[in-house]
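J.: Can you read through this structure? Questions will come right after.
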Amino acid sequence: MSRALADVVAAHVRPGRRVYLGNFGAQLFAVGHEMIRQRIRDVDVVIASGGLLMDQLLGAGVLRSATYGHCWSPVGPAPAWNFRRAAQDGDNRVTLHELSLGLLTAALTAGAWRVPFMPVPDLPGTGYLDEDWSRGRLSRVDSAFGAARVVRAERPDVAFVHVDLADADGNGVIRGPLGEVLVAAQAARRTVLVAEQVTDAETVRAAGISIPGLLVDAVVESPGAVRPDGAVGRYPRDVQAYQRYARCSATADGFRRWLAEEVL
Amino acid sequence: MTTADFLVRAAREFRRGGWVFTGFHWPVLAGQCAYALPGAPFSQVFEAGASAHRSGADVPTSTTDYPAFAGGFGWLGGTADVLLAMGHRFDRVVLDAGNVDLRGRINSSYLGPRERPTVRLPGGGGAADIAAAARELVLLHGATDPRRIVRAVEHVTAAPAPDALVRLHTRWGVVRLGADPRLEEVTPDGEVLRDHLTALGVPVDGAAPRPPVSAAERAAAVGVLRRAAVRGYSVAKGTDRG
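Chains as they are written, first to last, in the working numbering: chain A, 286 to 549; chain B, 33 to 274.
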């Protein structure tokens, strides 16, 4: 089951595919950068905590659409400059479906349960409803049990999930909050674990399995996969790298230079 | 009011005890400061699905800076647990409010003039879910310009429930928000806030003087702010994510 990251990305990420990228707070920059290096285009990304990874995918021209909860740098906090430039310039080549994190998780839950939508708490008075930020992902249903706001099911073609440990059977260990990754793995047609370390089954079981191998189609060992984010017990969030990106990407030329030096 | 004093007063909200949902930026710093203050025990809960019960080894750069908590997590779960299933149970929800209106509605980012943001970006995350569920919402407005408190924000990211208790901490005092907004507490140098609220039609008479900050409390806050400065925080100008 264990394969090289470049091979797995080439096998699972194609134009027109819906690709979930985890994790919440430990973003899989290694996967996103591989998508950029392979010059894949027209991807529909699902990414709850968009952050700088979504910004980089936007700037590199990888995306056709993005379903996301937010897109800004958690360090500072600071702008995600590619996102901001696109908004300022009225550039709508990438279709943006913004959902609150709760609604996005509910959409993935509906996908996991194989139902077309999920009832959710209403968010009256917000732009999610008043300005249709989700672009058609929210509706309202009446039933014998009452009326409810609903969110359309989200079912990615592939989910990339970061884990600390994984075994050869695809069982994975996450050493922090799960965010929406478990339900994303349940919703996706295929799931790839990107592990800091692949080890034996006993070690994984002893640590506590977060993602069961039942859900997993491939495992990739990729130490440092979420840098410049941190991995619990392994490496800290790289604040200087975040700040360097914020400086470099403040202009389009600066972003292109950063991309050439750091990714390509 | 100094930034340290603002932080102490925000941190006291945590030290009222109980389960406190902690949002990005100022709430993270206030939560870290609170561990050094006297008061009731409290537990923090973060939107990705975690509780924490002691200060981090480093000041976390955000609520998602998990390595900085260095084993300080207690309960671990997921986003839906916190935002959808438990939001109404928290004793308090503490959120950053860079741009806020008299009803307690937030626009967490903006583009354009601060008094009238013209484009809303780039996403509110879980603020909408948790604000709508909160029984008591504490908003932290760390900006140095009260004009970011407006009559009505455009492009609303998060809106509290009509029956929620909503209080806004600023550098100059505390404002009760909602259907009947009013100035509740004010600092001796709070004229700028009084004037701004008066211009918005908010009653300011009868506001209590803000309780003083002790030297020990201030030292704790200064310590957090010094550590935060090397962790990438920009705390002087407030929160601009857009």
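Using N, Cα and C, we set each Cβ at its ideal position, and we do this for glycine too.
(1) May I ask whether a heavy atom of the ligand NAP can be found less than 6 angstroms away from the beta carbon of R460 (chain A)?
(2) Assign A251 (chain B) to buried or exposed, taking buried as 16 or more other Cβ atoms, counted over all protein chains shown, within 10 Å of its Cβ.
(3) Can you name, in chain order, every residue of its own chain whose Cβ lies under 6 angstroms from the Cβ of I459 (chain A), other than the five neighbours on each side?
(4) From B:R48, B:D177, B:G157, pick the residue whose C-alpha is nearest to that of V188 (chain B); which is it?
(5) What's the C-alpha gap between A296 (chain A) and D442 (chain A)?
(6) Are V125 (chain B) and I162 (chain B) touching if we call contact CB-CB under 7 angstroms?
(7) For D237 (chain B) and E216 (chain B), I'd like the C-alpha separation in whole angstroms.
(8) Leaving out five residues before and five after G270 (chain B) in sequence, what residues of the same chain have Cβ atoms less than 6 angstroms from its Cβ?
(9) Would you please verify whether the beta carbon of F282 (chain A) is less than 7 angstroms from any beta carbon of chain B?
(10) Does the Cβ of E439 (chain A) have 16 or more other Cβ atoms within 10 Å, making it buried, or fewer, making it exposed?
(11) I'd like to know whether the C-beta atoms of W357 (chain A) and A351 (chain A) end up nearer to each other than 7 angstroms.
(12) Between A576 (chain A) and L348 (chain A), how many whole angstroms is the CB-CB distance? I'm expecting something under 8 angstroms.
(13) Quick check: is the beta carbon of Q528 (chain A) nearer than 7 angstroms to any beta carbon in chain B?
(14) Looking at chain A, which residues of the stretch 68–79 of chain B have a Cβ within less than 8 angstroms of any of its Cβ atoms?
(15) F46 (chain B) and F74 (chain B) look like a contact to me (Cβ under 8 angstroms); what is the Cβ gap, rounded to whole Å?
(16) Considering only the alpha carbon of each residue, which of A:V477, A:G336, A:P404, A:A392 lies closest to G431 (chain A)?
(17) Please classify R422 (chain A): is it buried, with 16 or more other beta-carbons within 10 angstroms of its beta-carbon, or exposed?
(18) Buried or exposed: where does T488 (chain A) fall if 16 or more other Cβ atoms within 10 Å of its Cβ makes it buried?
(19) At a Cβ threshold of 7 angstroms, is K269 (chain B) touching chain A?
(20) Is there contact here, the stretch 222–242 of chain B with the stretch 533–543 of chain A, by at least three beta-carbon pairs under 8 angstroms?
(21) Can you tell me whether D133 (chain B) is buried or exposed? The criterion is at least 16 other CB atoms within 10 Å of its CB, across all chains shown.
T.: Per the coordinate set shown:
(1) Absence of the ligand NAP from the depicted structure is noted, as is the absence of any ligand whatsoever, leaving it without description.
(2) Translated into positions along the second sequence, residue 251 (chain B) becomes position 219. Exposed: under 16 other Cβ atoms inside 10 Å.
(3) Counted from its first residue, the first sequence places residue 459 (chain A) at position 174. Excluding the 5 residues flanking it on each side, I459 (chain A) has same chain C-beta neighbours closer than 6 angstroms at V448, S495, in chain order.
(4) In the second sequence, residue 188 (chain B) corresponds to position 156, counting from 1. Minimum Cα distance to V188 (chain B) is reached at B:G157.
(5) Residue 296 (chain A) sits at position 11 when you count from the first residue of the first sequence. Residue 442 (chain A) sits at position 157 when you count from the first residue of the first sequence. Between A296 (chain A) and D442 (chain A), the C-alpha separation is close to 12 angstroms.
(6) Within the second sequence, the letter at position 93 stands for residue 125 (chain B). Within the second sequence, the letter at position 130 stands for residue 162 (chain B). With respect to I162 (chain B), V125 (chain B) sits close: the two C-beta atoms are nearer than 7 angstroms.
(7) Taking the first residue of the second sequence as position 1, residue 237 (chain B) is located at position 205. Taking the first residue of the second sequence as position 1, residue 216 (chain B) is located at position 184. Straight through space, the alpha carbons of E216 (chain B) and D237 (chain B) are spaced by roughly 9 angstroms.
(8) As a first step, residue 270 (chain B) is located in the second sequence; it is residue number 238 there, counting from the start. Confidence in G270 (chain B) is poor, its pLDDT being 43 and thus under 50, which makes the residue's placement too unreliable to answer from.
(9) No statement about residue 282 (chain A) is possible, as the shown extent of chain A runs from 286 to 549 and does not include it.
(10) Position 154 of the first sequence holds residue 439 (chain A). With a threshold of 16 other beta carbon atoms within 10 Å, E439 (chain A) meets it and is buried.
(11) Working through the first sequence from its first residue, we reach residue 357 (chain A) at position 72. Working through the first sequence from its first residue, we reach residue 351 (chain A) at position 66. It is not a contact, given that the beta carbons lie outside the stated cut-off.
(12) Absent from the structure is residue 576 (chain A), since the part of chain A shown begins at 286 and ends at 549.
(13) Here residue 528 (chain A) refers to the residue found at position 243 when the first sequence is read from its first residue. Yes, Q528 (chain A) counts as interfacial toward chain B.
(14) Per Cβ criterion, the list reads F78, E79.
(15) Your numbering for residue 46 (chain B) matches position 14 in the second sequence. Your numbering for residue 74 (chain B) matches position 42 in the second sequence. Going by Cβ atoms, the distance from F46 (chain B) to F74 (chain B) rounds to 5 angstroms, so yes, they are a contact pair.
(16) One-based indexing of the first sequence puts residue 431 (chain A) at position 146. Cα-wise, what sits closest to G431 (chain A) is A:P404.
(17) Working through the first sequence from its first residue, we reach residue 422 (chain A) at position 137. Looking at its Cβ environment, which holds 16 or more other Cβ atoms inside 10 Å, R422 (chain A) is buried.
(18) Numbered from its first residue, the first sequence carries residue 488 (chain A) at position 203. So T488 (chain A) ends up on the exposed side.
(19) Position 237 of the second sequence, counting from 1, holds the residue named residue 269 (chain B). Any reading at K269 (chain B) must be qualified, since the residue scores a pLDDT of 45, below 50, and its modelled position is unreliable; no value is offered.
(20) Touching, no.
(21) Within the second sequence, the letter at position 101 stands for residue 133 (chain B). D133 (chain B) should be labelled buried.
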